[in-house]
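Chains as they are written, first to last, in the working numbering: chain A, 116 to 427; chain B, 3 to 333.
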């Protein structure tokens, strides 16, 4: 079982990645022109008031000192206070994390539910009408931008058919789920397009592989050859592809949450950038980075579990 | 002689390439006796692997199809079987051993599970019993510590052990016939000898018949009872190992034998047969071997010779077979 030993050591290797990301976001947000205090106080602010508040948030310190405080706070489990909302950034994120987490996991599950059957149908009926249609749709799915697709889905399913709410998040579990169908579907369609195309290609390769021939030569029916031997082998490369795309999806929530007015972390990030709310931007960026890193870590574990040859 | 376990008659395989039909395997006929090891010998592209694939109707490409002939297995023509009946034949009556065990075993399923899977598909047994049988088969093919090895994956085996595992998979449902397609080509010589020993042992203990496909005449003389020599998709000589290799009558057989580097003659130039084997679509008229044949005359380039009896249990397809006895020289 020492193939899983990396689980113990990998987190330490990921630490430098997070440090790097924190430095980059820290410097980048501060190099955008604009001043959070001016935004906060509005056009009628006096220079004295601005100075006072800058001092209060430590913005007059040199940038490396500011970073030092940021890291020091981080070790104490804090991310500083939002300049605009005047609350702890971590608390702010805690209230926003649920919609985003639901959106991402929902989209991934939905994408797999779409991609696996479609890729299976396309690969098992190569060259058929179904294969061509699936390829056409998945190519189209790759081309549509998320915001456009989201608006189209809103027009059809919310405005015309009145099946789902136009935007927002909801309060009860059922209400929330109802609200998240369209956003999840929007993200899932783009994701499933990538997955379908790649899975179809690996399935086709595996269908022609020696091991599939050998399975047929043992008398197994084609369905069993496909689901017991071809699919498990084809899913291995898909795991990594999925992990990479979840990274994209996490940053993609910024757009999706704007289109569907979901009070999630993506929206928080956008507002944070516009108001130069440094602490919020840093906090959300760190969370996104952490999530992406964790997803890839998880994908590594899954790959090791799915393919006994892999050693990490 | 008793009823053969498998009787192939006039087996032909054709390939459709860009609208034209090419015959790849041409009217191949042979019998396989119970407990016999039949060698199928020939150069690459001679149709020997294709013949074996045609028998389980798993041809390498959808462009290929069996165009005629029959294959009587235990009294029934398997070429008339539908797909469902064919699945019982594959694995159930005929087990396949492939050349490259690393690519022909599922890398993400344990060896034992692959054996148990076949057993459970062909025989109505419980999961536990299938497992027990799989362990027993692993033991029979000489895999040490089979209980533990049941859960091992193909990549955890050495080359020789992997081929043993492949043989175990083929043996899962106690088939009557094993088709071994160059099973030792990818192995080094000492392991090769062990695998050959295992195959002859299996023949002796289980009475299984083996079709052994190879291009190595040394292996043929080591383990086969009879040999069929294939050239350009046809059997050109068929007979007992001693007759075919010791006194082969077809010039191609004689050429193959002469190509074997002889032991105890170091420094001697390795002999070859001049020319290239025919390619698909460029099959010569008449005898397929005539462009490369030292005994050729005009007759050979127009009329394709049939496989005719030239001695007891010995058949040859040649207009001018090599004589080995005065009686043969007279015909």
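Idealized CB from N, CA, C, for every residue including glycine.
Enclosing beta strand (DSSP E) for residue i [first to last residue]
| i | result |
| --- | --- |
| residue 214 of chain B | 211-216 |
| residue 186 of chain A | Careful: residue 186 of chain A lies outside any beta strand (DSSP E), inside the alpha helix (DSSP H) at 178-190. |
| residue 186 of chain B | Here residue 186 of chain B belongs to no beta strand (DSSP E), and DSSP marks it neither H nor E. |
| residue 24 of chain B | 22-34 |
| residue 307 of chain A | Run containing residue 307 of chain A: none in the beta strand (DSSP E); it sits in the alpha helix (DSSP H), 288-322. |
| residue 316 of chain B | 316-318 |
| residue 239 of chain B | 236-242 |
| residue 248 of chain A | Element bounds for residue 248 of chain A: not the beta strand (DSSP E) but the alpha helix (DSSP H), 244-258. |
| residue 72 of chain B | 66-75 |
| residue 98 of chain B | 96-99 |
| residue 349 of chain A | Residue 349 of chain A -> not in any beta strand (DSSP E); alpha helix (DSSP H) instead, spanning 346-374. |
Chain-ordered chain A contacts of residue i [CB-CB under 9 Å]
| i | result |
| --- | --- |
| residue 232 of chain B | Residues of chain A passing the Cβ test: none, with the nearest at roughly 21 Å. |
Whole-number beta carbon distance between residue j and residue i, since they are thought to touch under 8 Å
| i | j | result |
| --- | --- | --- |
| residue 68 of chain B | residue 81 of chain B | 6 Å |
| residue 140 of chain B | residue 114 of chain B | 7 Å |
| residue 71 of chain B | residue 16 of chain B | Going by Cβ atoms, the distance from residue 71 of chain B to residue 16 of chain B rounds to 11 Å, so no, they are not a contact pair. |
| residue 405 of chain A | residue 211 of chain A | No, residue 405 of chain A and residue 211 of chain A are not in contact; Cβ-Cβ is about 15 Å, not under 8 Å. |
| residue 106 of chain B | residue 325 of chain A | 5 Å |
| residue 266 of chain A | residue 374 of chain A | 7 Å |
| residue 189 of chain B | residue 220 of chain B | Going by Cβ atoms, the distance from residue 189 of chain B to residue 220 of chain B rounds to 14 Å, so no, they are not a contact pair. |
| residue 414 of chain A | residue 318 of chain A | That pair is no contact at about 20 Å. |
| residue 416 of chain A | residue 219 of chain A | 18 Å between Cβ atoms; not a contact. |
| residue 123 of chain B | residue 334 of chain A | 6 Å |
| residue 89 of chain B | residue 336 of chain A | 6 Å |
Cβ-Cβ distance between residue i and residue j below 7 Å
| i | j | result |
| --- | --- | --- |
| residue 226 of chain A | residue 303 of chain A | yes |
| residue 425 of chain A | residue 418 of chain A | yes |
| residue 14 of chain B | residue 29 of chain B | yes |
| residue 197 of chain A | residue 395 of chain A | yes |
| residue 390 of chain A | residue 215 of chain A | no |
| residue 177 of chain B | residue 96 of chain B | yes |
| residue 412 of chain A | residue 125 of chain A | yes |
| residue 243 of chain B | residue 226 of chain B | yes |
| residue 166 of chain B | residue 137 of chain B | no |
| residue 174 of chain B | residue 120 of chain B | yes |
| residue 318 of chain B | residue 43 of chain B | no |
| residue 422 of chain A | residue 110 of chain B | yes |
| residue 283 of chain A | residue 376 of chain A | yes |
| residue 278 of chain A | residue 272 of chain A | yes |
| residue 270 of chain B | residue 255 of chain B | no |
| residue 120 of chain A | residue 60 of chain B | no |
Closer than 8 Å at the beta carbon, the chain B residues around residue i
| i | result |
| --- | --- |
| residue 325 of chain A | 100, 102, 105 and 106 |
| residue 331 of chain A | 60 and 92 |
| residue 390 of chain A | Near residue 390 of chain A there are no residues of chain B at all, since even the closest Cβ is about 51 Å away, more than 8 Å. |
| residue 439 of chain A | As shown, chain A starts at 116 and ends at 427. That puts residue 439 of chain A outside it, with no answer to give. |
| residue 368 of chain A | Those do not exist, as residue 368 of chain A stays about 33 Å from chain B at its closest Cβ, beyond 8 Å. |
First and last residue of the uninterrupted alpha helix (DSSP H) at residue i
| i | result |
| --- | --- |
| residue 393 of chain A | 393-421 |
| residue 382 of chain A | 380-389 |
| residue 197 of chain A | Taken as a continuous stretch (DSSP letters only), residue 197 of chain A belongs to no alpha helix (DSSP H), as it is neither H nor E. |
| residue 162 of chain B | 161-173 |
| residue 178 of chain B | Looking at the DSSP string, residue 178 of chain B is not in any alpha helix (DSSP H), and its letter there is neither H nor E. |
| residue 276 of chain A | No alpha helix (DSSP H) holds residue 276 of chain A; DSSP gives it neither H nor E. |
| residue 327 of chain A | 325-332 |
| residue 171 of chain A | 162-171 |
| residue 227 of chain B | No alpha helix (DSSP H) holds residue 227 of chain B; DSSP gives it neither H nor E. |
| residue 18 of chain B | First-last for residue 18 of chain B: 8-19, but that is the beta strand (DSSP E), not the alpha helix (DSSP H). |
| residue 265 of chain A | 261-268 |
Residue i beta carbon near the ligand FAD (any heavy atom closer than 6 Å)
| i | result |
| --- | --- |
| residue 184 of chain B | The ligand content of the structure shown is nil, which means the ligand FAD is not present either. |
Where residue i meets chain A, residues with beta-carbon distance less than 7 Å
| i | result |
| --- | --- |
| residue 176 of chain B | By Cβ distance, chain A contributes nothing, its closest Cβ being about 13 Å from residue 176 of chain B, past 7 Å. |
| residue 171 of chain B | 333 |
| residue 83 of chain B | Within 7 Å Cβ-Cβ: nothing; residue 83 of chain B doesn't reach chain A, min ~12 Å. |
7 Å Cβ cut-off: residues of chain B touching residue i
| i | result |
| --- | --- |
| residue 336 of chain A | 89 |
Partner residues on chain A for residue i, Cβ-Cβ distance less than 8 Å
| i | result |
| --- | --- |
| residue 111 of chain B | 343, 344 and 347 |
| residue 155 of chain B | 423 and 424 |
| residue 120 of chain B | 333, 334 and 335 |
- Task: Could you say if the stretch 302-317 of chain A and the stretch 247-260 of chain A meet the contact criterion of at least three C-beta pairs nearer than 8 Å?
- Result: yes
- Task: Could you say if the stretch 177-184 of chain B and the stretch 210-217 of chain B meet the contact criterion of at least three C-beta pairs nearer than 8 Å?
- Result: yes
- Flag this pair as touching only if the stretch 11-28 of chain B and the stretch 230-241 of chain B have three or more C-beta atom pairs under 8 Å; answer yes or no. yes
- Message: Any contact between the stretch 126-143 of chain A and the stretch 393-402 of chain A? By contact I mean 3 or more CB pairs, one from each, below 8 Å.
- Response: yes
- Check whether the stretch 279-299 of chain A touches the stretch 344-359 of chain A, counting contact only when three or more Cβ pairs, one atom from each stretch, lie closer than 8 Å. no
- Touch test, the stretch 184-200 of chain B against the stretch 101-119 of chain B, Cβ-Cβ under 8 Å, three pairs minimum: yes
- Would you check if the stretch 34-46 of chain B and the stretch 288-301 of chain B touch, i.e. whether three or more CB-CB distances between them fall below 8 Å? No contact exists between the stretch 288-301 of chain B and the stretch 34-46 of chain B.
- Message: With a threshold of 8 Å, are at least 3 pairs of Cβ atoms found where one atom belongs to the stretch 278-292 of chain B and the other to the stretch 303-320 of chain B?
- Response: yes
- Message: Three Cβ pairs or more, each shorter than 8 Å: is that satisfied between the stretch 122-131 of chain B and the stretch 57-66 of chain B?
- Response: no
- Stretch-stretch touch, CB-based, cutoff 8 Å, three pairs: the stretch 185-199 of chain A with the stretch 143-156 of chain A: yes
- Query: Using 8 Å as the threshold, is the stretch 321-330 of chain B in touch with the stretch 245-252 of chain B, meaning 3 or more CB pairs across them?
  - Reply: yes
- contact_flag[the stretch 358-367 of chain A, the stretch 196-212 of chain B] where n(CB pairs < 8 Å) is 3 or more: Contact check between the stretch 358-367 of chain A and the stretch 196-212 of chain B: fewer than three CB pairs, one atom from each, fall below 8 Å, which does not count as touching.
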